[in-house]
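Trainee:
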Amino acid sequence: MSLNLIVVSGFYPAARHAVAYADQLAQALHGSVVLLHVNRASVFDPYEMMGEKYRQEELSRQTDTAAALYQQAEALHAPATVEVSTDLLPKLAQDLAKRHRPACFVLGQSGASKLDEGSLTEACEELLRAGQHAMLVVPATAPLELPRRILVAADAEPFTLAPNARPIAQQLPQLGSVVTVVHVSEGVEDDAGCAAALRAVQASGLVAGLPTPELRGYTHDDHALGLLAAVQDTQPDLVLVLARPRGYLSELFHRSITSRLLERCPVPVLVLPTMVS
1 MSLNLIVVSG FYPAARHAVA YADQLAQALH GSVVLLHVNR ASVFDPYEMM
51 GEKYRQEELS RQTDTAAALY QQAEALHAPA TVEVSTDLLP KLAQDLAKRH
101 RPACFVLGQS GASKLDEGSL TEACEELLRA GQHAMLVVPA TAPLELPRRI
151 LVAADAEPFT LAPNARPIAQ QLPQLGSVVT VVHVSEGVED DAGCAAALRA
201 VQASGLVAGL PTPELRGYTH DDHALGLLAA VQDTQPDLVL VLARPRGYLS
251 ELFHRSITSR LLERCPVPVL VLPTMVS
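Residue numbers for the sequence shown follow the UniProt record's numbering, beginning at 1 and rising by one.
1. Could you compute how far the alpha carbon of residue 222 sits from the alpha carbon of residue 65?
2. Do residue 240 and residue 261 have their CB atoms nearer than 8 Å?
3. At a cut-off of 7 Å, is residue 107 close to the ligand ADP when judged by its beta-carbon and the heavy atoms of the ligand?
4. For the alpha helix (DSSP H) containing residue 70, list its first residue and its last residue.
5. Counting beta carbon pairs with one atom in the region 160 to 172 and one in the region 204 to 213, are three or more of them shorter than 8 Å?
6. Do residue 34 and residue 83 have their C-beta atoms closer together than 8 Å?
7. Once DSSP output is grouped into helix, strand and coil, what is the label at residue 32?
8. Look at the Cβ atom of residue 178, then the Cβ atom of residue 230, and state whether they are nearer than 8 Å.
9. Reducing DSSP to helix, strand and coil, say where residue 12 ends up.
10. How many angstroms separate the CA atom of residue 10 from the CA atom of residue 80?
11. Do residue 93 and residue 132 have their beta-carbon atoms positioned less than 8 Å apart in this structure?
12. State the DSSP-derived secondary structure class of residue 24, mapped to helix, strand or coil.
13. Which same chain residues, not among the five before or five after residue 69, have their C-beta less than 8 Å away from its C-beta?
14. Could you tell me the distance, in whole angstroms, from the CA atom of residue 6 to the CA atom of residue 202?
15. According to DSSP, what are the bridge partners of residue 153?
16. Sorted by chain position, which residues of the same chain lie with C-beta nearer than 8 Å to residue 268's C-beta, five sequence neighbours on each side aside?
17. Run the CB neighbour count on residue 212, radius 10 Å, all protein chains shown included, and call it buried at 16 or more, exposed below.
18. Relative to the alpha-carbon of residue 101, which residue among 28, 160, 166 and 149 has its alpha-carbon at the smallest distance?
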C-alpha cells in the first residue's frame, strides 16, 4: 500500500524540516509527498462574506510561491507534487483527502505556514474533525532519522483506530521499531491501569507485527509533564497519542495537555484518531 503524506509547507526552518522528515519517511515506505502551502489556519472561510473574487486575487499573488515549491519538490527523494491554497480549512482537508488519500497530514511544530503555537492544536483538531486523519507534528530540532523507538501514550480504555488512521499504523512494522507503552497516573501508582493500557494497545492492532511492547508507568499530577518526563526517560524517536471521538481529544489527553505536548515534545508526535470500541 502506498503511503502518501500531505505536508504543510513553506520556506522557513520549521516547515523545511517537516518536509525533509516527511520525504525520508515516504521514501522508506515507498510513498509520496504533497507539499501544501496555505497562508492561514482557519476554522471559518474568511472569503465567504467578501466573495470568491478576493480569494482568486490572493491565489494569483502566490504564483512565485508555487514556483518555488515546485523547485523544492523536485529536490525531494520521494515522488512529490504541490498544492497551493489561501486557508487551511476543513473543506480543503476533505478535498485533499479525496484526491490524494493521505496516510497523514504533517506539520512543523511551530512557524510552518503561519501555524504558530497558538493555532497548531486548533489546526490539528479541525483536520481531525474534517476527516479523522492522522496528524504528524515534527519539531524543528528533531533528528532526520526514521523512528526505531516508539512511545505509545495510552490510558486504560479500549479503542479502535479510525479507518483513515490505519494505513500509517499498518506501515510502522516496516521500520522495525521497538515500542514502549506509557501510562501516566495521577498521584498514585496504578499497576492495573498500566496493564489495561497495554492490553488496549495490543487489542487495537496498533503494534501488530512488532516485538512485544515494554510497559512503563509514571505518576504525575500534570499529565502533559508526566508524558514529557517519560519522553526524556525513554528517549523515543516518535510519540503516538490517541485522539478520542468524544471531541477528538480524550479526557486524559484533553486540549491543554495535547497542545502542550505538541508544542513542547522534542521528538515527532503522531496523533491517531480512534473510534468508539
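Note that CB positions come from ideal geometry on N, CA and C, so glycine has one too. These figures come from a predicted structure and were not determined experimentally.
Mentor: Taking the structure as given:
1. 42 Å
2. no
3. Among the components of this structure there are no ligands whatsoever, and the ligand ADP is therefore not found.
4. Run containing residue 70: 63 to 74, per the alpha helix (DSSP H) assignment.
5. yes
6. Result yes, Cβ atoms of residue 34 and residue 83 sit closer than 8 Å.
7. strand
8. no
9. coil
10. 15 Å
11. no
12. helix
13. 9, 35, 37, 82 and 84
14. 28 Å
15. 182
16. 21, 136, 137, 138, 139, 142, 147, 237, 238 and 239
17. exposed
18. Nearest option by C-alpha distance: 166.
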